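K.L.:
Residue numbers (this note's numbering): 10 to 344.
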(Lines of atoms letter the chains of each structure in order from A and count residues from 1; the text may use other names and numbers.)
(Lines give C-alpha, C1' and ligand atoms only; values in the text may rest on other atoms or scores of the structure.)
Protein backbone atom coordinates (compact mmCIF):
# COMPACT_ATOMS: atom_id res chain seq x y z
CA UNK A 1 0.00 0.00 0.00
CA UNK A 2 1.38 3.42 -0.98
CA UNK A 3 2.16 6.00 1.70
CA UNK A 4 -1.12 7.55 2.89
CA UNK A 5 -2.39 10.11 5.34
CA UNK A 6 -4.76 8.94 8.06
CA UNK A 7 -7.85 10.29 6.28
CA UNK A 8 -7.11 8.27 3.13
CA UNK A 9 -6.27 5.17 5.16
CA UNK A 10 -9.53 5.38 7.10
CA UNK A 11 -11.43 5.73 3.83
CA UNK A 12 -9.80 2.62 2.34
CA UNK A 13 -10.53 0.66 5.51
CA UNK A 14 -14.21 1.63 5.50
CA UNK A 15 -14.61 0.42 1.91
CA UNK A 16 -13.16 -3.07 2.30
CA UNK A 17 -16.01 -5.55 2.48
CA UNK A 18 -17.14 -9.13 2.02
CA UNK A 19 -18.97 -10.26 -1.07
CA UNK A 20 -22.76 -10.32 -0.74
CA UNK A 21 -24.29 -13.75 -0.22
CA UNK A 22 -27.72 -14.20 -1.82
CA UNK A 23 -29.59 -16.97 0.02
CA UNK A 24 -31.90 -19.40 -1.70
CA UNK A 25 -35.70 -19.44 -1.39
CA UNK A 26 -35.76 -21.94 1.49
CA UNK A 27 -33.09 -19.97 3.35
CA UNK A 28 -35.07 -16.76 2.90
CA UNK A 29 -38.11 -18.42 4.47
CA UNK A 30 -35.99 -19.40 7.46
CA UNK A 31 -34.62 -15.86 7.69
CA UNK A 32 -38.15 -14.67 8.40
CA UNK A 33 -38.32 -17.14 11.27
CA UNK A 34 -35.01 -15.78 12.59
CA UNK A 35 -36.31 -12.20 12.50
CA UNK A 36 -39.56 -13.12 14.20
CA UNK A 37 -37.60 -14.14 17.29
CA UNK A 38 -36.79 -10.48 18.05
CA UNK A 39 -40.46 -9.53 17.97
CA UNK A 40 -41.24 -12.50 20.21
CA UNK A 41 -38.43 -11.38 22.53
CA UNK A 42 -39.99 -7.92 22.88
CA UNK A 43 -43.47 -9.39 23.36
CA UNK A 44 -42.07 -11.41 26.26
CA UNK A 45 -41.21 -8.25 28.20
CA UNK A 46 -43.59 -6.75 30.79
CA UNK A 47 -46.34 -4.89 28.90
CA UNK A 48 -45.08 -1.31 29.59
CA UNK A 49 -41.66 -2.26 28.17
CA UNK A 50 -42.79 -4.01 24.96
CA UNK A 51 -43.07 -0.92 22.73
CA UNK A 52 -39.84 0.63 24.09
CA UNK A 53 -38.18 -2.74 23.49
CA UNK A 54 -39.24 -2.82 19.83
CA UNK A 55 -38.20 0.82 19.36
CA UNK A 56 -34.78 0.07 20.84
CA UNK A 57 -34.32 -3.00 18.67
CA UNK A 58 -35.20 -0.99 15.56
CA UNK A 59 -32.68 1.71 16.43
CA UNK A 60 -30.07 -0.88 17.43
CA UNK A 61 -30.52 -2.62 14.08
CA UNK A 62 -30.33 0.64 12.12
CA UNK A 63 -33.98 0.57 11.05
CA UNK A 64 -35.99 3.69 10.32
CA UNK A 65 -39.74 3.89 11.09
CA UNK A 66 -41.70 2.22 8.29
CA UNK A 67 -38.82 0.02 7.15
CA UNK A 68 -39.15 -3.76 6.98
CA UNK A 69 -38.30 -5.24 10.37
CA UNK A 70 -34.97 -6.75 9.32
CA UNK A 71 -33.20 -7.05 12.66
CA UNK A 72 -30.35 -9.18 11.32
CA UNK A 73 -29.48 -7.20 8.22
CA UNK A 74 -26.02 -6.40 9.61
CA UNK A 75 -25.23 -10.07 10.29
CA UNK A 76 -23.46 -12.05 7.59
CA UNK A 77 -25.73 -14.84 6.42
CA UNK A 78 -23.58 -17.96 6.98
CA UNK A 79 -23.89 -17.34 10.72
CA UNK A 80 -27.42 -18.77 10.47
CA UNK A 81 -27.55 -20.51 7.07
CA UNK A 82 -25.09 -23.08 8.45
CA UNK A 83 -27.95 -24.63 10.47
CA UNK A 84 -29.98 -25.08 7.28
CA UNK A 85 -27.04 -26.61 5.40
CA UNK A 86 -26.20 -29.00 8.23
CA UNK A 87 -29.82 -30.13 8.17
CA UNK A 88 -29.81 -30.58 4.37
CA UNK A 89 -26.61 -32.64 4.56
CA UNK A 90 -28.39 -35.47 6.35
CA UNK A 91 -31.37 -35.70 3.97
CA UNK A 92 -33.17 -37.88 3.03
CA UNK A 93 -32.31 -40.12 6.00
CA UNK A 94 -33.02 -37.40 8.57
CA UNK A 95 -33.72 -33.69 8.64
CA UNK A 96 -34.97 -31.23 11.21
CA UNK A 97 -38.72 -31.03 11.59
CA UNK A 98 -40.32 -27.63 11.18
CA UNK A 99 -40.54 -27.27 14.96
CA UNK A 100 -36.92 -28.36 15.48
CA UNK A 101 -35.70 -25.86 12.87
CA UNK A 102 -37.68 -23.06 14.50
CA UNK A 103 -36.21 -23.96 17.90
CA UNK A 104 -32.69 -24.05 16.45
CA UNK A 105 -33.18 -20.63 14.84
CA UNK A 106 -34.64 -19.25 18.08
CA UNK A 107 -31.51 -20.32 19.95
CA UNK A 108 -29.25 -18.94 17.22
CA UNK A 109 -31.15 -15.64 17.05
CA UNK A 110 -30.78 -15.13 20.79
CA UNK A 111 -27.10 -16.12 20.83
CA UNK A 112 -26.35 -13.58 18.07
CA UNK A 113 -28.20 -10.82 19.88
CA UNK A 114 -26.55 -11.69 23.21
CA UNK A 115 -23.05 -11.68 21.72
CA UNK A 116 -23.68 -8.20 20.36
CA UNK A 117 -25.53 -6.64 23.31
CA UNK A 118 -23.15 -8.09 25.92
CA UNK A 119 -20.23 -6.53 24.07
CA UNK A 120 -21.87 -3.11 23.84
CA UNK A 121 -23.09 -3.11 27.44
CA UNK A 122 -19.74 -4.06 28.92
CA UNK A 123 -17.69 -1.60 26.87
CA UNK A 124 -20.10 1.26 27.67
CA UNK A 125 -21.35 1.88 24.12
CA UNK A 126 -24.85 1.26 25.48
CA UNK A 127 -25.76 2.45 28.95
CA UNK A 128 -27.35 0.07 31.42
CA UNK A 129 -31.04 0.63 32.09
CA UNK A 130 -34.06 -1.37 33.20
CA UNK A 131 -34.92 -1.97 29.54
CA UNK A 132 -31.44 -3.26 28.69
CA UNK A 133 -31.42 -5.55 31.73
CA UNK A 134 -34.86 -6.88 30.77
CA UNK A 135 -33.89 -7.50 27.15
CA UNK A 136 -30.64 -9.20 28.09
CA UNK A 137 -32.29 -11.37 30.74
CA UNK A 138 -35.19 -12.36 28.48
CA UNK A 139 -32.81 -13.16 25.61
CA UNK A 140 -30.63 -15.39 27.79
CA UNK A 141 -33.72 -17.17 29.13
CA UNK A 142 -35.02 -17.78 25.60
CA UNK A 143 -31.65 -19.09 24.42
CA UNK A 144 -31.49 -21.56 27.32
CA UNK A 145 -35.13 -22.56 26.72
CA UNK A 146 -34.29 -23.31 23.08
CA UNK A 147 -31.31 -25.42 24.16
CA UNK A 148 -33.47 -27.29 26.68
CA UNK A 149 -36.28 -27.93 24.18
CA UNK A 150 -33.90 -28.97 21.40
CA UNK A 151 -31.96 -31.29 23.74
CA UNK A 152 -35.10 -33.19 24.83
CA UNK A 153 -33.53 -34.14 28.18
CA UNK A 154 -30.51 -35.66 26.45
CA UNK A 155 -27.61 -35.25 28.92
CA UNK A 156 -24.99 -35.29 26.17
CA UNK A 157 -26.70 -32.40 24.36
CA UNK A 158 -26.91 -30.40 27.59
CA UNK A 159 -23.25 -31.11 28.31
CA UNK A 160 -22.22 -29.75 24.89
CA UNK A 161 -24.17 -26.54 25.50
CA UNK A 162 -22.85 -26.18 29.05
CA UNK A 163 -19.24 -26.56 27.92
CA UNK A 164 -19.70 -23.91 25.25
CA UNK A 165 -21.39 -21.47 27.64
CA UNK A 166 -18.47 -21.96 30.05
CA UNK A 167 -16.07 -21.35 27.18
CA UNK A 168 -17.97 -18.17 26.29
CA UNK A 169 -17.55 -16.75 29.78
CA UNK A 170 -13.90 -17.77 29.93
CA UNK A 171 -13.45 -15.67 26.80
CA UNK A 172 -15.49 -12.57 27.60
CA UNK A 173 -14.49 -12.44 31.29
CA UNK A 174 -10.83 -13.33 30.85
CA UNK A 175 -8.45 -11.29 32.99
CA UNK A 176 -5.66 -12.17 30.57
CA UNK A 177 -4.86 -9.38 28.13
CA UNK A 178 -3.65 -10.73 24.76
CA UNK A 179 0.07 -10.19 24.23
CA UNK A 180 -0.05 -10.48 20.46
CA UNK A 181 -2.29 -10.94 17.43
CA UNK A 182 -2.43 -14.73 17.71
CA UNK A 183 -3.58 -14.56 21.33
CA UNK A 184 -6.18 -11.97 20.36
CA UNK A 185 -7.56 -14.32 17.69
CA UNK A 186 -7.59 -17.33 20.03
CA UNK A 187 -9.44 -15.39 22.71
CA UNK A 188 -12.02 -14.10 20.24
CA UNK A 189 -12.84 -17.64 19.11
CA UNK A 190 -13.81 -18.35 22.73
CA UNK A 191 -15.88 -15.16 22.90
CA UNK A 192 -18.23 -16.46 20.18
CA UNK A 193 -18.74 -19.88 21.79
CA UNK A 194 -22.49 -19.44 22.29
CA UNK A 195 -22.82 -19.06 18.51
CA UNK A 196 -21.49 -22.62 18.11
CA UNK A 197 -24.23 -24.16 20.26
CA UNK A 198 -27.22 -24.55 17.93
CA UNK A 199 -25.25 -25.61 14.83
CA UNK A 200 -23.42 -28.26 16.88
CA UNK A 201 -26.60 -29.49 18.54
CA UNK A 202 -28.24 -29.64 15.10
CA UNK A 203 -25.42 -31.84 13.82
CA UNK A 204 -25.58 -34.00 16.94
CA UNK A 205 -29.34 -34.50 16.66
CA UNK A 206 -28.99 -35.60 13.05
CA UNK A 207 -26.34 -38.21 13.83
CA UNK A 208 -23.06 -36.36 13.30
CA UNK A 209 -19.69 -38.00 13.80
CA UNK A 210 -17.22 -36.47 16.26
CA UNK A 211 -15.09 -35.42 13.29
CA UNK A 212 -17.95 -33.47 11.73
CA UNK A 213 -18.79 -31.83 15.07
CA UNK A 214 -15.18 -30.72 15.48
CA UNK A 215 -15.02 -29.45 11.90
CA UNK A 216 -18.26 -27.49 12.21
CA UNK A 217 -16.86 -25.70 15.24
CA UNK A 218 -13.65 -24.90 13.36
CA UNK A 219 -15.69 -23.70 10.39
CA UNK A 220 -17.75 -21.28 12.48
CA UNK A 221 -14.64 -20.13 14.38
CA UNK A 222 -12.80 -19.27 11.16
CA UNK A 223 -15.82 -17.49 9.73
CA UNK A 224 -16.41 -15.62 13.01
CA UNK A 225 -12.79 -14.50 13.22
CA UNK A 226 -12.86 -13.30 9.59
CA UNK A 227 -15.97 -11.28 10.46
CA UNK A 228 -14.31 -9.77 13.53
CA UNK A 229 -11.19 -8.79 11.60
CA UNK A 230 -13.08 -7.15 8.70
CA UNK A 231 -15.03 -5.17 11.31
CA UNK A 232 -11.76 -4.12 12.93
CA UNK A 233 -10.46 -2.88 9.59
CA UNK A 234 -13.72 -1.04 8.83
CA UNK A 235 -13.77 0.58 12.28
CA UNK A 236 -10.13 1.69 12.44
CA UNK A 237 -11.02 5.38 12.65
CA UNK A 238 -13.23 4.81 15.71
CA UNK A 239 -11.13 2.08 17.35
CA UNK A 240 -7.92 4.08 17.18
CA UNK A 241 -9.38 6.34 19.87
CA UNK A 242 -9.12 3.65 22.50
CA UNK A 243 -10.42 0.22 21.39
CA UNK A 244 -7.80 -2.56 21.38
CA UNK A 245 -8.80 -4.29 18.15
CA UNK A 246 -7.06 -6.84 15.98
CA UNK A 247 -5.19 -4.01 14.27
CA UNK A 248 -3.85 -2.83 17.63
CA UNK A 249 -2.39 -6.28 18.32
CA UNK A 250 -0.87 -6.39 14.83
CA UNK A 251 1.25 -3.31 15.50
CA UNK A 252 4.81 -3.31 16.83
CA UNK A 253 5.18 -2.01 20.41
CA UNK A 254 5.87 1.56 19.22
CA UNK A 255 2.59 1.55 17.28
CA UNK A 256 0.63 0.29 20.30
CA UNK A 257 2.12 3.03 22.47
CA UNK A 258 1.07 5.62 19.91
CA UNK A 259 -2.43 4.08 19.72
CA UNK A 260 -2.77 4.36 23.51
CA UNK A 261 -1.51 7.94 23.47
CA UNK A 262 -4.48 8.97 21.30
CA UNK A 263 -6.87 7.76 24.00
CA UNK A 264 -5.07 9.85 26.62
CA UNK A 265 -4.85 12.88 24.32
CA UNK A 266 -1.10 13.17 24.84
CA UNK A 267 -0.09 13.01 21.18
CA UNK A 268 -1.90 15.08 18.55
CA UNK A 269 0.09 13.58 15.65
CA UNK A 270 -0.25 9.95 16.75
CA UNK A 271 -2.84 9.05 14.07
CA UNK A 272 -0.47 10.08 11.27
CA UNK A 273 2.41 8.23 12.91
CA UNK A 274 0.31 5.08 13.27
CA UNK A 275 -0.81 5.42 9.64
CA UNK A 276 2.85 5.43 8.60
CA UNK A 277 3.54 2.30 10.66
CA UNK A 278 0.47 0.56 9.23
CA UNK A 279 1.42 1.32 5.63
CA UNK A 280 5.13 0.56 6.07
CA UNK A 281 4.34 -2.80 7.68
CA UNK A 282 1.47 -3.53 5.25
CA UNK A 283 -0.79 -4.24 8.23
CA UNK A 284 -4.06 -3.92 6.30
CA UNK A 285 -2.84 -6.30 3.60
CA UNK A 286 -1.62 -8.79 6.21
CA UNK A 287 -4.91 -8.82 8.11
CA UNK A 288 -6.93 -8.95 4.90
CA UNK A 289 -4.86 -11.93 3.83
CA UNK A 290 -5.61 -13.57 7.20
CA UNK A 291 -9.33 -12.93 6.63
CA UNK A 292 -9.25 -14.61 3.21
CA UNK A 293 -7.36 -17.57 4.68
CA UNK A 294 -9.96 -17.99 7.44
CA UNK A 295 -12.79 -17.90 4.90
CA UNK A 296 -10.91 -20.38 2.72
CA UNK A 297 -10.59 -22.73 5.72
CA UNK A 298 -14.33 -22.44 6.36
CA UNK A 299 -15.08 -23.08 2.69
CA UNK A 300 -12.81 -26.13 2.53
CA UNK A 301 -14.34 -27.62 5.68
CA UNK A 302 -17.87 -27.15 4.35
CA UNK A 303 -16.86 -28.66 1.00
CA UNK A 304 -15.14 -31.61 2.70
CA UNK A 305 -18.48 -32.52 4.30
CA UNK A 306 -20.52 -32.04 1.10
CA UNK A 307 -22.13 -28.78 2.21
CA UNK A 308 -21.34 -27.29 -1.18
CA UNK A 309 -23.68 -24.29 -1.07
CA UNK A 310 -22.33 -23.21 2.31
CA UNK A 311 -18.82 -23.63 0.92
CA UNK A 312 -19.78 -21.39 -1.99
CA UNK A 313 -21.15 -18.73 0.36
CA UNK A 314 -17.82 -18.47 2.16
CA UNK A 315 -16.04 -18.24 -1.21
CA UNK A 316 -18.38 -15.46 -2.37
CA UNK A 317 -17.58 -13.51 0.79
CA UNK A 318 -13.82 -13.63 0.29
CA UNK A 319 -13.76 -12.88 -3.45
CA UNK A 320 -13.67 -9.02 -3.25
CA UNK A 321 -10.91 -9.15 -0.65
CA UNK A 322 -8.78 -11.45 -2.79
CA UNK A 323 -9.26 -9.07 -5.72
CA UNK A 324 -8.19 -6.10 -3.54
CA UNK A 325 -5.09 -7.99 -2.36
CA UNK A 326 -4.18 -8.80 -5.95
CA UNK A 327 -4.41 -5.11 -6.87
CA UNK A 328 -2.17 -4.18 -3.94
CA UNK A 329 0.38 -6.77 -4.99
CA UNK A 330 0.39 -5.51 -8.58
CA UNK A 331 0.74 -1.93 -7.41
CA UNK A 332 3.66 -2.85 -5.12
CA UNK A 333 5.47 -4.65 -7.97
CA UNK A 334 5.28 -1.50 -10.11
CA UNK A 335 6.76 0.75 -7.41
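Glycine residues also receive a C-beta, built at the ideal position from the N, C-alpha and C atoms. Quick caveat: nothing in here was measured; it's all calculated off a predicted structure.
Helix, strand or coil: which one does DSSP assign to residue 101?
P.N.:
Three-state result, residue 101: coil.
K.L.:
Give me the Cα-Cα distance between residue 211 and residue 112, rounded to the nearest whole angstrom.
P.N.:
One C-alpha to the other measures close to 10 Å.
K.L.:
Do the CB positions of residue 222 and residue 234 come within less than 8 Å of each other?
P.N.:
No, the pair does not count as a contact, with Cβ atoms beyond the cut-off.
K.L.:
Can you look up residue 240 in the DSSP assignment and give me helix, strand or coil?
P.N.:
Note: residue 240 maps to helix in three-state DSSP.
K.L.:
Cα separation between residue 319 and residue 236?
P.N.:
Spanning the two alpha carbons is a distance of roughly 16 Å.
K.L.:
Any idea what DSSP makes of residue 134, helix, strand or coil?
P.N.:
Reduced to three states, the DSSP call for residue 134 is coil.
K.L.:
Apart from the five residues just before and just after residue 104, which ones in its own chain have a Cβ nearer than 6 Å to its Cβ?
P.N.:
Cβ within range, chain order: 96.
K.L.:
With a cut-off of 8 Å on the beta carbons, I'd call residue 271 and residue 249 a contact; round off their distance for me.
P.N.:
Indeed, because the Cβ distance is near 6 Å, the residues count as touching under 8 Å.
K.L.:
Three or more beta-carbon pairs under 8 Å between the region 39-59 and the region 136-153, yes or no?
P.N.:
Short answer: they touch.
K.L.:
Hey, is the region 64-82 in contact with the region 277-289, meaning 3+ C-beta pairs nearer than 8 Å?
P.N.:
Cβ pair count under 8 Å is below three, so no.
K.L.:
Measuring alpha carbon to alpha carbon, tell me which of 165, 127, 98 and 231 ends up nearest residue 347.
P.N.:
Examination of residue 347 is not possible in this model, given that the chain is present from 10 through 344 alone.
K.L.:
Closest to residue 80 by CA distance: which of 68, 88 and 56 is it?
P.N.:
Nearest option by C-alpha distance: 68.
K.L.:
Can you give me the start and stop residues for the alpha helix (DSSP H) that residue 285 sits inside?
P.N.:
279-289 is the span of the alpha helix (DSSP H), which, as asked, contains residue 285.
K.L.:
Compare the Cα-Cα distances from residue 143 to each of 60, 207 and 38 and report the closest residue.
P.N.:
Of the listed residues, the one whose Cα sits closest to residue 143 is 60.
K.L.:
Is it buried or exposed, residue 346, if we count other Cβ atoms within 10 angstroms and call 16 or more buried?
P.N.:
Residue numbering for the chain in the displayed model covers 10 to 344; residue 346 lies beyond these limits and cannot be assessed.
K.L.:
Checking contacts by CB at 8 Å: is residue 263 closer than that to chain C?
P.N.:
Any reference to chain C falls outside this structure, which holds one protein chain only.
K.L.:
I'd like to know if the region 168-176 and the region 195-205 are in contact, where contact means that at least 3 CB-CB pairs between them fall below 8 Å.
P.N.:
The region 168-176, when compared against the region 195-205, does touch it at the 8 Å Cβ threshold.
K.L.:
Whole angstroms are fine: how far does the CA of residue 195 sit from the CA of residue 258?
P.N.:
Roughly 12 Å between the two C-alpha positions.
K.L.:
Round the Cβ separation of residue 109 and residue 166 to the nearest angstrom and send it over; I've been treating them as touching at under 8 Å.
P.N.:
Between residue 166 and residue 109 the Cβ distance is about 12 Å, and since that is not below 8 Å, they are no contact.
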